[in-house]
Amino acid sequence: MKQHEIDMIIDEFIDLEKKKIPLPFFATGVMAQIETSDIKKNHSLWSVVAVAASLTIAISGGVLIGSSYRQSNSEISYTVINDHQIENMQFFNDSDSE
Amino acid sequence: MLDSEIIKNVLEGNIADYRLIIEKFQNQIFRVAIGFVHNKEDAEEIAQDVFVKAFRNLSSFSGKSSFSTWLYRIAVNQSINFLRSKKRKNVWQTIDSIFNLSSKEKKPDEGLELKDTAKMLKDALDNLPVNQRTAFILSKYEELNQKQIAIIMNSSKGAVEQLIFRAKNNLRKQLSDRKNL
C-alpha cells in the first residue's frame, strides 16, 4: 500500500472519531457528580468530627471518674490460714483407708 | 464571560457557574479522550473525571497558562491513567479467560473483525509510545499547533515536531506491515 493511501485511511478514521460527541446532558451529569461529592464531603467531615468528639468525651469522662475515686479508710483485715492444718495429709497417705 | 471571570465566580462559591466551563470545553476534552480510548462510553467517563478533578483543584490553577492548556493537561493524564488501569484489568481478564476457555470459544467471524481497518488503526495508535501518541492526538484530533502542544506537554516545539513525525512514520509502518500480512 502506498504512503498517501495509508495517510488517507488514518485521516478518514480520525475524522470519523472526531464526529463523536458526548451525551446532551453531559454537563448536567458532571454538575450532579460535583454537587453529590460536595455533600458527601461535608457528611464525612461531620462524621469525623462526631467520632472525635465522642472519643474525647469518653476519655475525659473516664479520667474524671477515675480521679474522683476516693479510697475507703476502713481497716484492712488479713486472714492467715495454714493449709497444713486444714488438710490432714496423713489421711491421704494412710494405706488402710484405700 | 471570560474563563478567568467564571473561575473567580466559582471560587467565590457560585458552583453553578462551573457549568459554563463544562459546556465550553466538553467537546475538546471528549475528543482528546476519544483519541486515547476510541470508545464513546470510556471517553465520557474520562471527560467527566477531568471536569470533576479540575473543579476540585480549581484553586490551584495559577493562571500562568491558559485554562484550556491546564484542562488539556488533566485530560491527557487522566486518559493515560485510564488506559493503564484498563490494561491491568485486561491482564486479569486474560488470566480468567485462560481458565474459562470452553465458555468463550472464538466465533468464526472474529478473524475477519480483527482485520477490520478501524480495529487495525486503533491497535496501531495504541501501540505508539505515550509521548508520540499524545502529540499525535493533540495535533490530529484537536488540530493544535506545535507551540500549543509543547506547552501542554511541557516540552519544546522541536521535540513535539519530532514526536509527531515519528508517530506518523510508526503508524504508516505498522499499517503497511499489517496490510501485507
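Line order of the protein sequences matches chains A and B.
Using the numbering used here, the letters of the first sequence correspond one by one to residues 1 to 98.
Using the numbering used here, the letters of the second sequence correspond one by one to residues 1001 to 1181.
Each residue gets a CB set at the ideal place from its N, CA and C atoms; glycine is no exception.
- Burial check for Asp1049 (chain B): the Cβ neighbour count within 10 Å reaches 16 or more, so the residue is buried.
- Annotation for Tyr1018 (chain B): the continuous alpha helix (DSSP H) segment containing it runs 1018-1037.
- Distance between Gln3 (chain A) and Lys1053 (chain B), taken at the CA atoms: about 41 angstroms.
- Here the alpha carbons of Gln33 (chain A) and Val48 (chain A) stand approximately 22 angstroms from one another.
- For Ile1022 (chain B), the C-beta contacts it makes with chain A under 8 angstroms involve Phe26, Ala27, Val30, Met31, in order along the chain.
- For the region 1032-1047 of chain B, the set of positions with a beta-carbon nearer than 8 angstroms to some beta-carbon of chain A reads Ile1034, Gly1035, His1038, Lys1040, Ala1043, Glu1044, Ala1047 in chain order.
- Listed by position along chain A, the residues whose Cβ is nearer than 8 angstroms to that of Leu1121 (chain B) are Ile9, Ile10, Phe13.
- The residue among B:Met1153, B:Asn1057, B:Ile1006 with its C-alpha nearest the C-alpha of Asn1077 (chain B) is B:Met1153.
- Among the residues of chain B, none has a CB under 8 angstroms from the CB of Leu45 (chain A); the nearest is roughly 15 angstroms distant.
- Around Val1160 (chain B), no beta-carbon contact reaches into chain A at under 8 angstroms, the shortest distance being about 18 angstroms.
- From the beta-carbon of Val1130 (chain B), no residue of chain A is found nearer than 7 angstroms; the closest lies around 18 angstroms away.
- Lys20 (chain A) and Ser1156 (chain B) have their C-alpha atoms some 31 angstroms from each other.
- Taken through DSSP and simplified to helix, strand or coil, Thr79 (chain A) comes out as coil.
- Counting along the chain, no alpha helix (DSSP H) covers Phe25 (chain A), and no H or E run does either.
- In this structure Leu1083 (chain B) does not touch Met1120 (chain B) by the C-beta definition: roughly 18 angstroms separates them, more than the 8 angstroms allowed.
- Secondary structure of Gly1013 (chain B) (DSSP, three-state): coil.
- Contact note: Thr1117 (chain B) reaches chain A through Ile9, Phe13, using a C-beta cutoff of 8 angstroms and chain order.
- Residue-level contact check: Asn1027 (chain B) touches chain A, since one or more beta carbons of chain A fall below 8 angstroms from its beta carbon.
- Counting C-beta atoms within 10 angstroms of its own C-beta, Ala1016 (chain B) has fewer than 16 neighbours from the protein chains shown and is therefore classed as exposed.
- Boundaries of the alpha helix (DSSP H) harbouring Ile1137 (chain B): 1130-1140, taken from the DSSP string.
- Annotated as proximal: His1038 (chain B) and Glu17 (chain A), with beta-carbon spacing under 8 angstroms.
- By the beta-carbon neighbour count (other beta carbons within 10 angstroms, threshold 16), Val30 (chain A) is buried.
- Each residue's CA atom was taken as its position, placing Ser1059 (chain B) and Asn1009 (chain B) some 12 angstroms apart.
- When DSSP states are grouped into helix, strand and coil, Met1153 (chain B) belongs to the coil group.
- Annotation: Val51 (chain A) to Glu35 (chain A) spans about 25 angstroms, alpha carbon to alpha carbon.
- A straight line joining the alpha-carbon of Gly1035 (chain B) with that of Phe1055 (chain B) spans about 23 angstroms.
- Among the residues facing chain B, Ile57 (chain A) is not included, as its CB has no counterpart in that chain under 8 angstroms away.
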